[in-house]
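In terms of this note's numbering, the sequence shown opens at residue 2 and continues consecutively. Yeah, the Cβ is synthetic: ideal placement off N, Cα and C, and Gly gets one too. Notes follow the structure.
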Amino acid sequence: MLFTGEYEHTIDAKHRVAIPSEIRSRLDPKLHGSAFYLAPGTDASLWLWPEKTFEMLASTSEQSLLPDEDLAEFEELLYSQSSWVEPDKSGRIRIPERLLKLAHLDSSVVILGVKDHLELRDPAAWAARRDEKLAKQAEIVLRARRAQARQRGHGGE
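Below is the structure:
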């Protein structure tokens with residue numbers, strides 16, 4: 002599923018936030034699962050994946066008794082800090098307090114669609130970050146084109 006858009010929501014006193022209805026309506030439990038995985042993202046964000054997408058991505062990483070040190074460190078951090086969250090009947094998920102603190106989230110959140118996942122960010126921090134990125138949009142597009150060319154030319158490396 003392709004996630005796009007920007008949605009502002011509130012976090013209630015029980016640490017719940019609603020997944021935008023536009024997104025919920027497009028999720029297929031057979032393809033995506035009925036729950037999500039919530040994990041620390043980059044730059045004080047939380048990343049939210051449909052459970053089947055997260056599990057598929059996790060299963061594609063190479064298994065080894067002696068994994069690469071950088072990959073092992075990343076996986077230890079990612080999986081130990083991730084939480085399986087199931088929406089209630091109103092489409093809300095509960096964000097664990099430790100993840101709220103990690104992402105500096107209080108009573109409001111902006112939910113971003115970012116290709117294969119959603120990102121939860123502090124609205125003021127996101128507004129500043131978005132403005133910075135928009136000011137450098139031409140440079141970002143050029144770097145993305147170069148990265149795509151490298152991936153095509155080197156089998157994804």
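Reduced DSSP category for H33 - H, G, I as helix; E, B as strand; rest coil: helix
8 Å contact criterion, which E52 and A40 should meet: CB distance rounded: Actually they do not touch by this definition, with Cβ atoms about 12 Å apart.
Three-way DSSP call (helix, strand, coil) for R27 in this model: coil
CA-to-CA distance, V18 to I94, given in whole angstroms: 6 Å
Counted within 10 angstroms of its Cβ, other Cβ atoms place H105 as buried (16 or more) or exposed: H105 is exposed by the Cβ-count criterion.
Cβ neighbours of L103 in the same chain (closer than 6 Å, five flanking residues each side left out): P41
As assigned by DSSP and simplified to three states, the class of L106: coil
Rounded distance between the beta-carbons of S84 and P97, thought under 8 Å: 5 Å between Cβ atoms; contact.
Cut-off 6 Å between Cβ atoms - residues of its own chain near E87, not counting five sequence neighbours on either side: A36
Under the three-state DSSP convention, the category L3 falls into: coil
Secondary structure of K53, DSSP reduced to three states: helix
Integer-rounded CB distance, given that T11 should sit under 8 Å from S91: About 13 Å; that fails the 8 Å criterion.
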